[in-house]
Amino acid sequence: MTPWPRSPRSPTFEGAMAMERSARERDDERFFASLPATRGAAGALIRSPEGDVLLVRRAYESDALWGIPGGIVEAEESPLSACRREIAEELGVTATVRGPLVVDWVPARYPRTAALQWLFRVEVPSEDRFSLQPEELSGWEWVRPGRIPEYLPEGTARRMLTAVAVDDHGGGPVYLEDGRTVLPDHRPAGGEGSPRG
1 MTPWPRSPRS PTFEGAMAME RSARERDDER FFASLPATRG AAGALIRSPE
51 GDVLLVRRAY ESDALWGIPG GIVEAEESPL SACRREIAEE LGVTATVRGP
101 LVVDWVPARY PRTAALQWLF RVEVPSEDRF SLQPEELSGW EWVRPGRIPE
151 YLPEGTARRM LTAVAVDDHG GGPVYLEDGR TVLPDHRPAG GEGSPRG
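Under the UniProt record's numbering, the first residue of the sequence shown carries the number 1, and numbering increases by one thereafter.
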C-alpha cells in the first residue's frame with residue numbers, strides 16, 4: 001500500500017499562517033483605532049396634513065430647548081435604525097421612514113465632536129397616539145416652516161428648512177456642511193431652506 005503524500009499545509013505552515021493573520025489583525029486594529037471618530041445622529045421630518053413640522057421640547061437640554069425628533073446613532077447601529085428607535089423612545093409610536101432628505105456634516109464645536117446628521121422623511125400615527133417619555137421630552141408642537149428659525153439653533157434650522165424644501169419639491173437627498181449646501185448642482189428644487197409657509 002502506497003502512503004498518501006504529505007500535505008504542503010503542515011502544522012508548522014498552518015501555525016505560521018495563523019501568526020501572520022494575527023499580526024495583520026493587530027495592525028488593522030491599531031489602524032482603525034487611530035482613525036478620527038465622528039458622531040452620528042438621525043432626525044425625523046414629520047409633517048402634519050397642513051404641512052406643519054413637528055418639533056419637540058427637550059427635557060434635558062438647557063441651550064436648545066426645542067429640537068428635531070431623533071437622536072444619537074448608537075454603536076453598531078445604522079442611521080435608519082436609530083431614527084426608528086428614537087421615534088419609538090421619544091414619541092411612543094412606530095415610525096414609517098420614507099427615505100433620507102438631508103445628510104449634514106457638522107464640524108466640531110467644543111466640547112462637541114464633529115457629527116454626521118441624517119434627516120429622514122418620517123410618517124407617524126396620529127398625534128393623539130403620542131406618548132412622550134418625560135425623561136426625554138417635555139412637549140411637542142406643530143410649527144409652520146417659516147417659523148422654524150424661531151425655535152431651532154441656526155445650523156439646525158437651516159438643515160430642517162432644506163429638508164422641508166426637498167420634501168416639498170423633491171430632488172433629495174441633499175448633502176450639507178453645517179446646514180449649508182456646498183455642491184453647486186446639489187440644491188433642493190425649491191431652493192435651499194425655502195419653506196412653503
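All C-beta atoms, glycine included, are put in the ideal place defined by N, C-alpha and C.
Tell me the residue span of the alpha helix (DSSP H) that contains residue i.
i, result
"Leu80", "79-91"
"Glu154", "154-169"
"Ile68", "Note, Ile68: premise wrong, no alpha helix (DSSP H); not H, not E."
"Glu141", "Per DSSP, Glu141 belongs to no alpha helix (DSSP H); it is in the beta strand (DSSP E), 137-143."
"residue 222", "No answer is possible for residue 222: it lies beyond the span of the chain, which begins at 1 and ends at 197."
"Glu150", "148-151"
With a Cβ-Cβ cutoff of 9 Å, do residue i and residue j count as a contact?
i, j, result
"Trp118", "Val102", "yes"
"Asp52", "Trp142", "yes"
"Thr156", "Gly67", "yes"
"Leu55", "Tyr151", "yes"
"Arg147", "Gly179", "no"
"Arg112", "Leu45", "no"
"Pro145", "Gly99", "no"
"Ala59", "Leu137", "yes"
"Ala163", "Val124", "no"
"Gly70", "Glu86", "yes"
"Asp167", "Arg84", "no"
"Leu161", "Pro153", "no"
My assumption, with CB atoms under 8 Å, is that residue i sits in contact with residue j. Please give the rounded CB distance.
i, j, result
"Pro130", "Val93", "Contrary to the premise, residue 130 reads as Phe rather than Pro in this sequence. Right, their Cβ atoms sit about 6 Å apart."
"Ala82", "Ala42", "4 Å"
"Thr38", "Leu116", "6 Å"
"Asp104", "Leu176", "4 Å"
"Ser91", "Leu132", "A quick correction: the sequence has Leu, not Ser, at residue 91. Yes, Leu91 and Leu132 are in contact; Cβ-Cβ is about 7 Å, under 8 Å."
In this structure, what does DSSP give as the bridge partners for residue i?
i, result
"Pro100", "Phe120"
"Val106", "Ala115"
"Arg58", "Leu137"
"Arg180", "Glu177"
Considering residue i, what are the terminal residues of the beta strand (DSSP E) in which it resides?
i, result
"Glu177", "174-177"
If you scan the region 14-56 from start to end, which runs of the beta strand (DSSP E) of 3 or more residues do you find wholly inside it?
39-45
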